[in-house]
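Asks: Position in the sequence shown counted from 1, then plus 6, gives you the working numbering.
This structure is in structure tokens; I'll ask about it shortly.
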Amino acid sequence: MKNSCPICHSDSYKNHLEHGEVNYIRCKVCDMVYLKDMPSNETLARFYSKDFFNSQTDDFIKNSTQIRKERLASIEALIPGKGRLLDIGCGQGYFLKEAKDKGWDAYGLDISDYAARHSKKVAGVDIFLGHIHDARYEDSFFDVVTLWDVLEHTKDHIKILNEVRRVLKKGGIVVASTPNAGSMDAICHKYKWPYFDFEKCGHILQFTPKTLKRSFKKCEFHIENISTRGSLDIRYVPSLWGVNLSNQFILHLLDGLSGFLAKFTVPLKFGNIIILYATKR
Ligand SMILES: [Zn+2]
């Protein structure tokens, strides 16, 4: 069965990227990129097992500590006081723990049984196992809703954003991050861009700053800020071509060059990750 565009529902599309079993198509009307063949709910539930979360390396977890602190600080800079915060797709629960430790009344939600149990252990808060529509939170219940690297894993992000709008207080903030399919990395590396690897990442939807903004506007959010981060990361380019680089000097050089390129790619919204802040007015 053919899918229609998750934003504008048009059936008109062109191929965006085809490699092996994976076929991403792009809506001719609004440019949204999505999987031509959507996985079933059963496939998705199986996907987010312990193995999915444990595939993240120790380095990733370590580096993410700083990212989690920065993310929370960026929210606290926008909102006075600390109220109720909902982390949708809370994964292993580390952001929830950060928020709870800083005095937020933290709530978590995940469709993965493993993630929900792990989060509860890490953050010590109750986690709702399932989709946001099934959680039946009260209207205008939350001050903040976060969607860290979540929307790309969903089949109907508009339905989720509409529900987020309902449960968010007036003046409340929603924050979303997602890989940038319009980044220099994605453009240059094409199917070798890691986030196009459906089997590994499970990304059903692929956003650019333009389509992410369009999605939030469709759900009547007011966009406060949208930016990208992460340069054209050339450190892993040799490995993409089968060359295993162990020379620390060359890796250091590539790292420096990546940082230099960020000066150009990030201001132009060509960075690897998009971060959007929006409010309900
Ligand atoms: Zn469309």
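Built from N, CA and C at the ideal position, the CB exists for glycine as well.
Look at R161 and I117 and say whether their C-beta atoms are less than 8 Å apart.
Replies: Strictly speaking, residue 161 in this sequence is Lys, with Arg absent from that position. No. Outside cutoff.
Asks: Can you tell me whether DSSP reads D261 as helix, strand or coil?
Replies: Correct three-state label for D261: helix.
Asks: Using a Cβ-based criterion (distance less than 7 Å to any ligand heavy atom), does M190 qualify as near ligand 1?
Replies: No; taking the cut-off as 7 Å, the Cβ of M190 has no heavy atom of ligand 1 nearer than that.
Asks: Apply the 10 Å Cβ neighbour rule to G109 and answer buried if 16 or more other Cβ atoms are within range, or exposed otherwise.
Replies: With fewer than 16 Cβ atoms within 10 Å of its Cβ, G109 is classed as exposed.
Asks: Whole angstroms are fine: how far does the CA of D43 sit from the CA of M7?
Replies: The predicted position of M7 is uncertain, since its pLDDT is 48 and thus under 50; no value can be drawn from it.
Asks: If you draw a straight line from the alpha carbon of H173 to that of F213, how long is it in whole angstroms?
Replies: Sequence inspection shows Val at residue 173; the His mentioned does not correspond to that position. Each residue's Cα considered, the two are about 24 Å apart.
Asks: Among residues of its own chain, excluding the 5 on either side of E169, which ones have a beta-carbon nearer than 7 Å to its beta-carbon?
Replies: I138 and H139.
Asks: Can you list every residue whose CB sits closer than 5 Å to some heavy atom of ligand 1, going in chain order?
Replies: For ligand 1, the selected residues are C11, I13, C14, S16, C33, V35, C36 and M38.
Asks: What is the C-beta distance between D93 and L102, in whole angstroms, given that I count them as a contact (C-beta under 8 Å)?
Replies: The Cβ separation is near 5 Å, so the contact holds.
Asks: Between the alpha carbons of I73 and Y100, how many angstroms are there, rounded?
Replies: Rounded to whole angstroms, I73 to Y100 spans 11 Å at the Cα level.
Asks: Write down the C-beta distance between A4 and F53 rounded to the nearest angstrom, noting that I regard them as a contact closer than 8 Å.
Replies: Absent from the structure is residue 4, since the part of the chain shown begins at 7 and ends at 287.
Asks: Count the CB pairs spanning the segment 198–206 and the segment 216–228 that are closer than 8 Å, and state whether there are at least three.
Replies: Not touching, per the Cβ criterion.
Asks: Which residues in the same chain have their Cβ closer than 8 Å to the Cβ of D145, if we skip the five residues on either side of it in sequence?
Replies: Hits under 8 Å: R172 and V173.
Asks: For F222, collect the residues of the same chain with a Cβ closer than 7 Å to its Cβ; drop the 5 residues on either side in sequence, then sort them by chain order.
Replies: Only L167, I229, L282 and A284 meet the Cβ criterion.
Asks: Compute the Euclidean distance between the alpha carbons of G87 and K106, then round it to the nearest angstrom.
Replies: The straight-line gap from Cα to Cα measures roughly 13 Å.
Asks: State the CB to CB distance for the pair L91 and F134, rounded to an integer number of angstroms; the pair is presumed to be in contact (CB under 8 Å).
Replies: Going by Cβ atoms, the distance from L91 to F134 rounds to 14 Å, so no, they are not a contact pair.
Asks: To the nearest angstrom, how far is it from the Cα of G130 to the Cα of G97?
Replies: If you take the alpha carbons of G130 and G97, they lie about 14 Å apart.
Asks: Could I get the ranges of all uninterrupted alpha helix (DSSP H) runs contained in the segment 81–126, with 4 residues as the minimum, in chain order?
Replies: List check, alpha helix (DSSP H) in window: 100–107.
Asks: Could you name the residues that DSSP lists as bridge partners for P185?
Replies: Looking at the DSSP assignment, P185 forms a beta bridge with I279.
Asks: Closer than 7 Å by C-beta to G136: which residues in its own chain qualify, once you throw out the five before and the five after it? Chain order, please.
Replies: Once the five neighbours on either side are set aside, the close Cβ partners of G136 are I117.
Asks: Grouping DSSP H, G and I as helix and E and B as strand, with all else coil, what is T152?
Replies: Strand at T152.
Asks: So, does the CB of K165 fall closer than 8 Å to a CB anywhere in chain D?
Replies: Any reference to chain D falls outside this structure, which holds one protein chain only.
Asks: Locate the alpha helix (DSSP H) running through C194, then write down its first and last residues.
Replies: From DSSP, the alpha helix (DSSP H) with C194 extends over M190 to H195.
Asks: Answer yes or no: do S18 and V35 have a C-beta to C-beta separation smaller than 8 Å?
Replies: Taking 8 Å as the Cβ cut-off, S18 and V35 qualify as a contacting pair.
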